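Undergrad:
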Amino acid sequence: MKLKYWLGLLIVVGAIGYMIWGGLGNSLVYFITPSEYFQDQAKYAGKRVRLGGLVKQGTVQYDPKTLELRFVLTDGVAEVPVFHKGTPPALFKEGQGVVVEGRFEGAVFHGDNLLIKHSETYQPPKEGYTPEDVRRLIEEAK
Amino acid sequence: MTPGLLGNVALVLGFVFTALGLLLSLFAWWAKDARYVEAAKRAAWLSFLAALAAFFALEWALLTDDFSIAYTAKNHSTKSPTWVKFATLWAALEGSILLWATFQALYTVLAARKLKDYWMAPAVLGTLLGIELFFFGVMLFVANPFAPVPHPPSEGPGPNPLLQNHWMMAVHPVLMYLGFVGISVPFAYAVAAMLARRYQSWVAETRWWTLVAFGFLTAAIFAGGWWSYEVLGWGGYWAWDPVENASFIPWLLLAAFLHTALVQERRGMFKTWNFAYITLAYAATVFGTFLTRSGVIQSVHAFVEGAVGPVFLGFLLAVLLVGFSLLSRVASEVRDVGGLNLVSREGLLLGASLVFATMAFVVVLGTLFPLIVEAATGDKVSVGSPFFDAVFAPLGAVLLLLMGAGPLFPWGGIDAYAARALSLMASALALATAVALLFGAGFGVALGVGLFAYNLTALLAQAGRGVSAWRKKGRGALAAVLAYLTRARRQVGAQLVHFGVALAALAIVFSQAYRVDAQKTLEIGEQARIGGLEVRLLDLRAKDEGFRFAVIADVEVEGVGVMHPRLHYYPTMNSPLAAPSVHYGLYNDDYLILQAFDTEEGRWATIRLVRTPLVLWLWIAGGIILFGILYIVFPGFSWGRKRAAEVAA
């Protein structure tokens, strides 16, 4: 009798543990910059990631009719073309720090959630910034 | 006399009286003399009056635009409407701690009036006053809303615009704190019970408090969900955001406690579980405050910067230390009466509490996991809704199964009636799932429909059992129903709550599965199909509302009429806030958002339509759950009819 209960308990705990562990493994969303992506492309292939960086000057194309937004995300070293379907947030502009959540499809990053990283003290970074500068800028702007 | 002076004097007096009350309680405990308890109660009264004075001092400052204290200078604006000015008291950190302290003092006084047990009274009062002392201490030494400002400004930024955007924000935090503080009373009783080694009676004595706290927490969570739905402009009601999680964890643990407490009250079992659950539930309220107020969730680096964070972390550790060190000390002495048969009402109640506790664990894990990963590997990760949804769906299904079956079982085992009802419920589950599948529903939705039918059958079977007990005593059909409804209030109330939960689950399943979300840019006068509905943009206009500037789109939606989604521009914010326009319907909600508009010539606007089924039923379910709790709780402290309810059960 006692053994039966312990066995049942073990199965239940095991199932829940497996569920939690599997769930966590599949739904972790990494926050990376473009250069971190290029360092280990295989790790992020087909996975949902949050890509952070600056909107590169002169690359924004938005058509309010089709709601298609294209721009290039940069961290000073590496660049990624981004495609996003939907209205850009009000503060979206060139040089702005943004985080795009989505997936890589080929060389283009398809975002479905676009967040502006903005704080009261936000300053666009100076020329010659590094990926570390960009990362710090975005993290501090939360 | 200025608000700042009154506030500071009140805080100091409150601190002193609370400390005095605590000392008197300790002395009463040590000297085993009830007279000191009476004196401690008076001190608790005085500290409540002091907290009230501080509360009014801050309202005074807010309503008279007095910027000479830190809180108004940072969070107040003369341009706010009066209700916003009043609610600004709990719109930021220092003020919300003042509100918390005021409620804590109020509950301490109310709980003190009901202290009966000679041995436990000093410990209950001492614990409550200890908690109250912490909050007065935080205000005096860490986050004083009345700190003087050397050069008072003539105008401030006002509270966070997200909070001004909807009247619900004036209500939601108050409900939340009433719930949080409410858990402190059963927790204090549990500490006292462990100290005084009187392990059985505290559960029944605090039942009223537990239910009241649970009711407030439930109301607060539903209100928060509704606020998020009406204000945040993404058409959803729950996002597994850390702040939402912080309110959900105590609710889950309190739900776990409620179910095992019932067993202890009737059968004298699960005493250790109950001490553990209530300690964890109270700790979770502090944990939630720590998470949301310290900035630890956004970034590990904010850890050392926030002054309030470490203080609440210390308090959290103190609560856990007190609870669990007492528990480990008495664990060897606590003996449950009789062995446990899992296939019985108590067995299923334990099962339900375990599911609730697992859910709480999952929420804690999911909320903290990014911190763990970052500490271990340096990777920045986030855990989003997919994780919580994936784990909560099966756990929720198990909970719904247990919820229907549990109340049908008699204590100690199973009987013929429960077995018959169970086979009926299983048929309802299978039949409804099959029908839903035939209508083309996915497996998850079909199972949701099946579980709703299962629970509906279960509730009818439970009511049938209750009514037939009265009929056997010779009452007529109608008289038996009436007797059941009025005499077995605890059972009927619980059934209402369970029905509300089943309905909420159904609404959640449908609104998650069949949500339509589409957007399109329209010229003024243009008509187009968005998400299956004909939508025409009639006009785009601007309106200056004093404390904010509004851009309003007049949109005609097929079958609904003209709706007015807006964008609000607040002077302190450089991006606009969307104020969606919601049309509630029995089958579908139509939710319209003004996403963007032509800022140069005002010729076009981007309109987003979110069409979600059955959301209205989620709010109705919340109302039913609250009504069920009220049905049990009122008329209040008296439980004279308990015996009658037991006969019916």
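Order-wise, the sequence lines are chains X and Z. The working numbering applies: residue 1 is where the first sequence begins, and numbers increase by one. The working numbering applies: residue 1001 is where the second sequence begins, and numbers increase by one. The beta carbon of each residue, even a glycine, is placed where N, CA and C say it ideally should be. None of these values were measured; they are calculated from a predicted model.
Measuring alpha carbon to alpha carbon, tell me which of Z:1133, Z:1152, Z:1449 and Z:1118 ends up nearest residue 1061 (chain Z).
TA: Checking every option, the nearest Cα to that of residue 1061 (chain Z) belongs to Z:1152.
Undergrad: Note down, in chain order, each residue of its chain lying with its Cβ closer than 7 Å to the Cβ of residue 1483 (chain Z), except the 5 sequence neighbours on either side.
TA: Hits under 7 Å: 1470 and 1475.
Undergrad: Looking only at its chain, what residues have a beta carbon closer than 7 Å to the beta carbon of residue 1103 (chain Z), apart from the 5 residues adjacent to it on each side?
TA: Closer than 7 Å at Cβ, skipping near neighbours: 1177, 1178 and 1181.
Undergrad: How big is the Cα-Cα spacing for residue 1596 (chain Z) and residue 1552 (chain Z)?
TA: If you take the alpha carbons of residue 1596 (chain Z) and residue 1552 (chain Z), they lie about 11 Å apart.
Undergrad: Would you mind sorting residue 1001 (chain Z) into buried or exposed? The rule is 16 or more other CB atoms within 10 Å of its CB.
TA: Flag for residue 1001 (chain Z) reads exposed.
Undergrad: Beta carbons nearer than 9 Å to chain X: which residues of the stretch 1393-1414 of chain Z have them?
TA: If the cut-off is 9 Å between Cβ atoms, the stretch 1393-1414 of chain Z has 1394 and 1395 near chain X.
Undergrad: Between the beta-carbon of residue 1025 (chain Z) and the beta-carbon of residue 1158 (chain Z), is there less than 8 Å?
TA: The answer is no: Cβ separation not under 8 Å.
Undergrad: Which of the residues in the stretch 1571-1598 of chain Z, read from start to end, lie with their CB under 9 Å from any CB of chain X?
TA: Cβ contacts with chain X come from 1574, 1575, 1576, 1595, 1596 and 1598.
Undergrad: Name the chain Z residues whose beta carbon is nearer than 7 Å to that of residue 50 (chain X)?
TA: By Cβ distance, chain Z contributes 1382.
Undergrad: Starting from the beta carbon of residue 1604 (chain Z), find every residue of chain X whose beta carbon is closer than 9 Å, and list them in chain order.
TA: Correct list: 64 and 65.
Undergrad: Excluding the 5 residues preceding and the 5 following residue 1563 (chain Z) in the sequence, name in chain order all residues of the same chain whose CB lies nearer than 7 Å to its CB.
TA: Same-chain partners within the cutoff: 1555, 1557, 1581, 1583 and 1592.
Undergrad: Please specify which runs of the alpha helix (DSSP H), each continuous and at least 4 residues long, are wholly inside the stretch 1180-1263 of chain Z, giving them in chain order.
TA: List check, alpha helix (DSSP H) in window: 1202-1205 and 1207-1231.
Undergrad: Taking buried to mean at least 16 other C-beta atoms within 10 Å of its own C-beta, is residue 1150 (chain Z) buried or exposed?
TA: Exposed: under 16 other Cβ atoms inside 10 Å.
Undergrad: Counting only Cβ pairs nearer than 7 Å, list the residues of chain Z close to residue 86 (chain X).
TA: Correct list: 1519.
Undergrad: Who does residue 1340 (chain Z) pair with in a DSSP beta bridge?
TA: None; residue 1340 (chain Z) has no bridge partner.
Undergrad: Buried or exposed: which applies to residue 1209 (chain Z), given that a residue is buried once 16 or more other Cβ atoms fall within 10 Å of its Cβ?
TA: Answer is buried; the Cβ neighbour count reaches 16.
Undergrad: Within its chain, find whatever has a CB closer than 7 Å to the CB of residue 1115 (chain Z); leave out the 5 residues flanking it on each side and keep chain order.
TA: Here the set comprises 1121, 1124 and 1125.
Undergrad: On the DSSP bridge assignment, give the partners of residue 81 (chain X) in chain order.
TA: Looking at the DSSP assignment, residue 81 (chain X) forms a beta bridge with X:72.
Undergrad: Just to confirm, is the Cβ distance from residue 1433 (chain Z) to residue 1444 (chain Z) under 8 Å?
TA: Cβ atoms of residue 1433 (chain Z) and residue 1444 (chain Z): not closer than 8 Å.
Undergrad: Who are the Cβ neighbours of residue 1161 (chain Z) in its own chain at under 8 Å, not counting the five residues just before and after it?
TA: 1548, 1568, 1570, 1572, 1573 and 1577.
Undergrad: Leaving out five residues on either side along the sequence, give the residues of the same chain with a beta carbon under 7 Å from the beta carbon of residue 49 (chain X).
TA: So the list reads 29, 30 and 32, once near-sequence residues are dropped.
Undergrad: For residue 1650 (chain Z), does the three-state DSSP call read helix, strand or coil?
TA: In the structure as shown, chain Z starts at 1001 and stops at 1649, and residue 1650 (chain Z) therefore has no counterpart that could be examined.
Undergrad: So with Cβ pairs under 8 Å, would you call residue 1285 (chain Z) a contact of chain X?
TA: Output row for residue 1285 (chain Z): interface = no.
Undergrad: Determine whether the Cβ of residue 1467 (chain Z) lies closer than 8 Å to any Cβ atom of chain X.
TA: It does not; no Cβ of chain X falls within 8 Å.
Undergrad: Using a cut-off of 8 Å between C-beta atoms, extract the partners of residue 30 (chain X) located in chain Z.
TA: Result: 1379, 1380 and 1381.
Undergrad: Would residue 1075 (chain Z) pass as a contact of residue 1064 (chain Z) if the rule is Cβ separation under 8 Å?
TA: No. Outside cutoff.
Undergrad: Ordered along the chain, which non-local residues of its own chain (more than five positions away) have a Cβ less than 7 Å from that of residue 1404 (chain Z)?
TA: 1425, 1454, 1455 and 1458.
Undergrad: In this structure, does DSSP put residue 1473 (chain Z) in helix, strand or coil?
TA: Three-state result, residue 1473 (chain Z): coil.
Undergrad: Cβ closer than 8 Å: which chain Z residues qualify as neighbours of residue 91 (chain X)?
TA: Residues of chain Z passing the Cβ test: 1574 and 1575.
Undergrad: Can you grab the Cα-Cα spacing for the pair residue 1099 (chain Z) / residue 1325 (chain Z), in whole Å?
TA: Distance between the alpha carbons of residue 1099 (chain Z) and residue 1325 (chain Z) is about 30 Å.
Undergrad: Residue 11 (chain X) touches chain Z at which residues, Cβ-Cβ below 8 Å?
TA: Result: empty, since nearest Cβ-Cβ is about 13 Å, beyond 8 Å.
Undergrad: With DSSP as the reference, identify every bridge partner of residue 1539 (chain Z), one or two as the case may be.
TA: Beta-bridge pairing links residue 1539 (chain Z) to Z:1554.
Undergrad: Along chain X, in chain order, which residues have C-beta atoms closer than 7 Å to that of residue 1391 (chain Z)?
TA: Simply 19, 20 and 23.
Undergrad: Using a beta-carbon distance below 8 Å, is residue 35 (chain X) in contact with chain Z?
TA: Answer no: the Cβ-Cβ gap between residue 35 (chain X) and chain Z never drops below 8 Å.
Undergrad: Go through its chain and collect everything with a Cβ distance to residue 1235 (chain Z)'s Cβ below 6 Å, but skip five positions before and after it.
TA: The answer, listed in chain order, is 1591 and 1610.
Undergrad: Counting only runs of 3+ residues fully inside the stretch 35-69 of chain X, write out the beta strand (DSSP E) ranges in chain order.
TA: If we require 3 residues or more, the beta strand (DSSP E) runs fully inside the stretch 35-69 of chain X come out as 49-55 and 61-63.
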